[in-house]
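Taking it in order: structure first as structure tokens, then the write-up.
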DNA sequence: ATGCCTATTGACCGCTAGGTTAGGGCAAGC
DNA sequence: GCTTGCCCTAACCTAGCGGTCAATAGGCAT
């Protein structure tokens, strides 16, 4: 009989069903994925500190020790989750819209931004919370996100500069300022998304206003009806 | 000799200096304030779950038990901190700018927003993180903030509507849409503030662009040089 | 002086957290 | 058939958590 009966973990895992892969490596990959999946959901919904490893273990139908076998610490698991979440954030814009003129490219960039925000509101919410929360600059996450953001910004500055040279875009301000302004507006729409999804109807008119401001366009349809 | 020597709290408080108030009530008020001050700093910098009551106690130079004498639970303390932080958010705009015309009032509102953001970036950061983090609608905090936000928005819609009637403001879109757009842009500038304070130089040109968009103003100085 | 009342404390408790460890199951190579 | 090495687990450990409590110090009215 054990000397210490503190541990009263119910551990009501489903041991039947789901025939595991036979090969050790496959089994390992399987369990690793399951853990990552469970951890992603829990971390995203409740944050880092409010999620315990035991919860992750239960959600993944796996023993807690196995998590520590796959990931050395809780932070390790968290980082793995983060990089997994960041993957869909990398888009290649240059290939997609090389043939369009500057104005169309700018509009397409705005579209992509808003579509992306709509489809990834959950993880964006998670990332923003994470970025706001941490103070440490050595995070890596902040750097990655900033890099992404700067890429988008650089693209915009370049496009706006060329559009200004072609006289299709407002020329009262330098391209950097216009791009910053546009990005600020998009970010504002983003946080509108994050806090109240029912404001999505306003996006159309917002885009219309952006077009009017940037290109002196009259009100018109600029986005696919899906938005 | 005690049977349990787990508690090894160093408790290196400064017992000298700082002559406490003599009256019991004053002493109580004193310690309560000290606790609130310490808790505010810790909660704001590290969040709710990452801050322990022992840390608060040490930061306030007070025993942990005293905190629980003043505040029944940790949540209680947190709520007290929250309402304390929310206080400076209530401004009275109507008194201040009753004599200005609509355009000047709108510009003044934008100024107030940006000045406020600049001066309260820390607590705003805290609130946004908190709002992003919680899912529960019974929070109270979310309601308070939203109420504040809606007040500002209503004021803007009203002002813009009147400005449109006087033909001093763009009339291509309904006042609600224009106000939403303006708010989104301001919020975007806000999160620029939160993530990179060095972008503050852009605010001036941003305001200039907003003026151009709203009133077809040419580039000009719209904010006090302090911004 | 005394007894009261409130502000304050150190010691303590139950519990859960992240993390460890000793070992069991099991496919693969000899 | 036995060892080897990888997955995986139950049980365990310690630190620290939020929270409680009996005991006090010390101003105050009597």
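Chains as they are written, first to last, in the working numbering: chain A, 10 to 236; chain B, 10 to 236. For each residue, glycine too, the CB sits at the ideal point set by N, CA and C. Bear in mind the structure is a predicted one, so any value in this text is a computation, not a measurement.
Within the model, the alpha-carbon separation for residue 189 of chain A versus residue 211 of chain B is close to 8 angstroms. Listed along chain A, the residues sitting closer than 9 angstroms to residue 215 of chain B by beta-carbon distance are 186, 189, 190 and 193.
Selection A:112, A:87 and A:219 evaluated against residue 164 of chain A yields A:112 as nearest (Cα-Cα).
Pairing residue 56 of chain A with residue 119 of chain A, the inter-Cα distance amounts to about 30 angstroms. Rounded to the nearest whole angstrom, the CA to CA distance from residue 149 of chain B to residue 224 of chain B is 38 angstroms. By the Cβ neighbour-count rule, residue 196 of chain A is buried, with 16 or more other Cβ atoms within 10 Å of its own. CA-to-CA, the gap between residue 51 of chain A and residue 187 of chain B works out to about 38 angstroms.
Residue 109 of chain A counts as exposed, since fewer than 16 other beta carbons sit within 10 angstroms of its beta carbon.
For the stretch 56–75 of chain A, residues whose beta-carbon sits nearer than 8 angstroms to a beta-carbon of chain B comprise 56, 58 and 59. In this structure, DSSP gives residue 179 of chain A a state outside helix and strand, which the three-state scheme calls coil. The Cβ of residue 50 of chain A sits no closer than 7 angstroms to any Cβ of chain B. The alpha-carbon separation between residue 49 of chain A and residue 54 of chain B amounts to approximately 25 angstroms. A direct Cα-Cα distance of roughly 18 angstroms separates residue 121 of chain B from residue 134 of chain B. Under the Cβ criterion of 7 angstroms, residue 133 of chain A is not counted among the residues facing chain B.
For residue 85 of chain A, the uninterrupted alpha helix (DSSP H) run begins and ends at 83–95, by DSSP. At the C-beta level, residue 132 of chain B and residue 192 of chain B stay beyond 7 angstroms of one another.
Here residue 38 of chain A is exposed, its C-beta having fewer than 16 other C-beta atoms within 10 Å. Rounded to whole angstroms, the Cβ separation of residue 203 of chain B and residue 141 of chain A is 7 angstroms, and the two are in contact under 8 angstroms.
Counting only residues of its own chain and dropping the five nearest sequence neighbours on each side, residue 75 of chain B has a CB closer than 8 angstroms to the CB of 40, 44 and 66. Around residue 152 of chain A, no beta-carbon contact reaches into chain B at under 7 angstroms, the shortest distance being about 12 angstroms. When rounded, the separation of the alpha-carbon atoms in residue 199 of chain A and residue 71 of chain B is 43 angstroms.
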